[in-house]
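There are 4 protein chains.
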Amino acid sequence: MHNQSPEMKDCIEACLDCYQACLGTASGHCLETGGKHTEPQHFRLMLACAEICRTAAHFMLLGSAHHKHVCRECAEICDECATDCERIGDMQDCVEACRRCAES
Amino acid sequence: MHNQSPEMKDCIEACLDCYQACLGTASGHCLETGGKHTEPQHFRLMLACAEICRTAAHFMLLGSAHHKHVCRECAEICDECATDCERIGDMQDCVEACRRCAES
Amino acid sequence: MHNQSPEMKDCIEACLDCYQACLGTASGHCLETGGKHTEPQHFRLMLACAEICRTAAHFMLLGSAHHKHVCRECAEICDECATDCERIGDMQDCVEACRRCAES
Amino acid sequence: MHNQSPEMKDCIEACLDCYQACLGTASGHCLETGGKHTEPQHFRLMLACAEICRTAAHFMLLGSAHHKHVCRECAEICDECATDCERIGDMQDCVEACRRCAES
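Protein chains in written order, with this note's numbering: chain H, 1 to 104; chain C, 1 to 104; chain G, 1 to 104; chain Y, 1 to 104.
Dropping the structure here:
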């Protein structure tokens, strides 16, 4: 891991934190709570956000030059996911992880 | 899987074929052959291509509206990977899977 | 991909088919239908099955000697997922993909 | 993420740290250094270790009961990867992340 700047390391951390928050919240909170939390559009967005965060981290760890495009897409999905988690409520951890990730 | 058009199904197949070709060729051929096949830039591109194909298929299976952006990025990386595999040679299966995937 | 026997190729195919069936059905059918289809235990099993199938395919494509253990775990989860999809009903494609994968 | 004990959280962290160490070292150090670092058996083990760590974390985040088997397999591969990284040398970060992950 000789090729990672401190900024890159922080960004990888933010992506993996957001991945954990989205997947952990979707499975441990949304599925248990049901109702608005399992609306198809919302739940899919949680899973899509988890996946793109995981992939963005993977691209940065690989050191691929394409990580910029993947990270840009990641920030967009994180942003949308944060807004949707706020709308439904009761998922502040996930909102914050998504916002930090979108900004990093 | 009630939400997939035939075009979507074909595109998922092309992505998973390309994922298989890239990862299988990288591990089973490039690592064994060495030399130009394990040039960092080339080998990373093979792994990045495998990962984005896997992720693009995931987004289409989820039915996420963001699959369009992920597929566009996927097509770009596939295209670059096909060109690089052609330059190094002896990886025609991988070239073809990448081209099919980039066009789908 | 010079290192794959025909049996291995079939097994990779079965795993990726099952991954597609589980993730596509979970997102495209279970989330839309709700009720028993989004019971936490069932839905988690669908996502876990998708993930282990994806990973088992990855290990076989890598040509890792550990693929045997991963495939054994994969067969167990597929079997459990097939039984659970049958219990809930209306997911015959997924049942069949899981059974084929468990047996391969 | 209401369902994770502190032990589980630590184990997820250890897995994701090990995933980062293995993939980051493989791409940023082994590919650049070549020689013994790109021996097929070694490099495949690094990639297999990264993948199983990623999957073990995924199973714990999902809250799947099968995480125990996946974590056991993960510990075995991490242990083997640590030993192999020590044999080749110059990858102490990766050795330590693998050992911590195997023990967690």
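From the three backbone atoms N, C-alpha and C, an ideal C-beta is built for every residue, glycine too.
Being a predicted model, the structure only gives us computed values, none of them experimental.
Q. Whose Cβ in chain G lies nearer than 9 Å to the Cβ of ARG44(H)?
A. Within the first sequence, numbered from 1, the residue matching residue 44(H) stands at position 44. Contacts between ARG44(H) and chain G, judged by CB atoms closer than 9 Å, involve SER27 and LEU31 in chain order.
Q.
DSSP three-state label for GLN4(C), please.
A. On the second sequence, position 4 is the one that residue 4(C) refers to. Coil, per DSSP.
Q: Give me the Cα-Cα distance between LEU23(H) and GLY28(G), rounded to the nearest whole angstrom.
A: What you label residue 23(H) is simply residue 23 of the first sequence in a count that begins at 1. What you label residue 28(G) is simply residue 28 of the third sequence in a count that begins at 1. So the alpha carbons of these two residues sit roughly 18 Å apart.
Q: Can you tell me which of the three DSSP states MET91(G) falls into?
A: Against the third sequence, residue 91(G) aligns to sequence position 91. Note: MET91(G) maps to coil in three-state DSSP.
**Q.** Contact set for PHE43(G): own chain, Cβ-Cβ below 7 Å, skip 5 residues either direction
**A.** Locating residue 43(G) in the third sequence gives position 43, counting from the first residue. If we look at PHE43(G) and ignore the five residues flanking it on each side, its Cβ neighbours are ALA26 and CYS30.
Q: Go ahead and label GLN20(Y) buried or exposed: buried means 16 or more other beta carbons lie within 10 angstroms of its beta carbon, across all protein chains shown.
A: Against the fourth sequence, residue 20(Y) aligns to sequence position 20. Buried, because 16 or more other Cβ atoms sit within 10 Å of the Cβ of GLN20(Y).
(Q) For LEU62(C), would you say it is in contact with chain Y, using Cβ-to-Cβ distances shorter than 9 Å as the test? (A) Along the second sequence, read from residue 1 onward, the residue named residue 62(C) stands at position 62. No, LEU62(C) lies away from the interface with chain Y (no Cβ there is under 9 Å from its Cβ).
Q. Are CYS11(H) and CYS49(H) close, meaning C-beta to C-beta below 9 Å?
A. Within the first sequence, residue 11(H) is the residue found at index 11, counting from 1. Within the first sequence, residue 49(H) is the residue found at index 49, counting from 1. No, the Cβ-Cβ distance between CYS11(H) and CYS49(H) is not below 9 Å.
Q | Chain-ordered neighbours of ALA48(C) on chain H, where CB pairs are closer than 7 Å | A | By 1-based counting over the second sequence, the position of residue 48(C) is 48. Here the neighbours are PHE59, LEU62, SER64 and HIS66.
Q. Can you name the residues of chain C whose CB is closer than 9 Å to the CB of GLN92(G)?
A. Stepping through the third sequence from its first residue, residue 92(G) is reached at position 92. Correct list: empty, because the minimum Cβ distance to chain C is about 11 Å.
**Q.** CB of GLU73(H) within 9 Å of CB of GLU73(C), strictly
**A.** Residue numbering aside, residue 73(H) sits at position 73 when the first sequence is read from its first letter. Residue numbering aside, residue 73(C) sits at position 73 when the second sequence is read from its first letter. Yes. Within cutoff.
Q.
Under DSSP, the alpha helix (DSSP H) around HIS58(Y) begins and ends at which residues?
A. Your numbering for residue 58(Y) matches position 58 in the fourth sequence. Taken as a continuous stretch (DSSP letters only), the alpha helix (DSSP H) holding HIS58(Y) covers 40-62.
**Q.** Beta-carbon proximity list for CYS94(C), same chain, < 7 Å, skipping 5 on both sides
**A.** As a first step, residue 94(C) must be located in the second sequence, where it is residue number 94. The residues are ALA21, CYS22, THR25 and CYS85.
Q. Given a threshold of 16 other Cβ atoms within 10 Å of its Cβ, counted over all protein chains shown, does GLY63(H) qualify as buried or as exposed?
A. Translated into the one-based positions of the first sequence, residue 63(H) becomes position 63. Result: buried.
Q) Can you name, in chain order, every residue of its own chain whose Cβ lies under 7 Å from the Cβ of ILE88(H), other than the five neighbours on each side? A) In the first sequence, counting from the first residue as 1, residue 88(H) sits at position 88. Excluding sequence neighbours, ILE88(H) sits near LYS36, HIS37 and HIS42.
(Q) Rounded to whole angstroms, what is the Cα-Cα separation between ILE77(H) and ALA56(G)? (A) Here residue 77(H) refers to the residue found at position 77 of the first sequence. Here residue 56(G) refers to the residue found at position 56 of the third sequence. Near 28 Å, if we compare the C-alpha coordinates of ALA56(G) and ILE77(H).
Q. Which residues in the same chain as ARG54(C) place their Cβ atom closer than 7 Å to its Cβ, once the five residues preceding and following it in sequence are excluded?
A. Here residue 54(C) refers to the residue found at position 54 of the second sequence. Closer than 7 Å at Cβ, skipping near neighbours: TYR19.
Q: Give the secondary structure of CYS30(C) by DSSP, where H, G and I count as helix, E and B as strand, and everything else as coil.
A: Working through the second sequence from its first residue, we reach residue 30(C) at position 30. Of the three classes helix, strand and coil, the one that applies to CYS30(C) here is helix, per DSSP.
Q) Is DSSP giving ALA97(H) helix, strand or coil here? A) Working through the first sequence from its first residue, we reach residue 97(H) at position 97. Three-state DSSP puts ALA97(H) in a helix.
Q: Could you have a look at HIS66(G) and say whether DSSP puts it in helix, strand or coil?
A: Position 66 of the third sequence, counted from the start, is the residue given in the question as residue 66(G). Residue state, collapsed to three classes: coil.
Q: Give a yes or no on whether 9 Å exceeds the smallest Cβ distance from ILE134(G) to chain Y.
A: The shown model of chain G, from 1 to 104, leaves out residue 134(G), and the question about it has no answer.
Q: Using a cut-off of 9 Å between C-beta atoms, extract the partners of GLY24(C) located in chain Y.
A: Reading the second sequence from its first residue, position 24 is the one you call residue 24(C). The premise fails here: GLY24(C) is roughly 12 Å from chain Y at the closest Cβ pair, so nothing lies under 9 Å.
Q: Would you mind telling me which residues of chain H sit closer than 9 Å to LYS38(G), beta carbon to beta carbon, in chain order?
A: As a working mapping, residue 38(G) is identified with position 38 in the third sequence. Note that residue 38(G) is Thr in the sequence shown here, rather than Lys. Neighbours of THR38(G) on chain H, chain order: LEU31, GLY34, THR38 and PHE43.
Q) Within the 9 Å Cβ cut-off, does GLU76(G) reach chain Y? A) Taking the first residue of the third sequence as 1, we reach residue 76(G) at position 76. For GLU76(G), the answer is yes, since a Cβ of chain Y falls inside 9 Å of its Cβ.
Q: List the residues of chain G that THR55(Y) touches, going by C-beta distances under 9 Å, in chain order.
A: Sequence index remark: in the fourth sequence, residue 55(Y) carries index 55 (1-based). Those within 9 Å of THR55(Y) in chain G are GLU51, ILE52, ARG54, THR55, HIS58 and VAL70.
(Q) Strictly under 9 Å for the Cβ-Cβ distance: is ARG100(C) near chain G by that measure? (A) Stepping through the second sequence from its first residue, residue 100(C) is reached at position 100. So no, ARG100(C) is outside the interface.
Q.
My assumption, with CB atoms under 8 Å, is that GLU80(C) sits in contact with LEU47(C). Please give the rounded CB distance.
A. The residue labelled residue 80(C) in the question sits at position 80 within the second sequence. The residue labelled residue 47(C) in the question sits at position 47 within the second sequence. Rounded, the Cβ-Cβ distance is 13 Å, inconsistent with contact.
**Q.** Contact with chain H by MET1(C), beta-carbon distance below 9 Å
**A.** Here residue 1(C) is taken as the residue at index 1 of the second sequence, counted from 1. In this predicted model, MET1(C) has a pLDDT of only 46, less than 50, meaning its place in the structure is not dependable; the value taken from the coordinates is given anyway. So no, MET1(C) is outside the interface.
(Q) Quick check on this structure: which residue in ARG100(Y), THR33(Y), HIS58(Y) and ILE52(Y) has the alpha carbon closest to the alpha carbon of GLU90(Y)? (A) Position 90 of the fourth sequence holds residue 90(Y). First, the residue type needs correcting, since residue 90(Y) is Asp and not Glu in the sequence shown. Closest by alpha carbon: THR33(Y).
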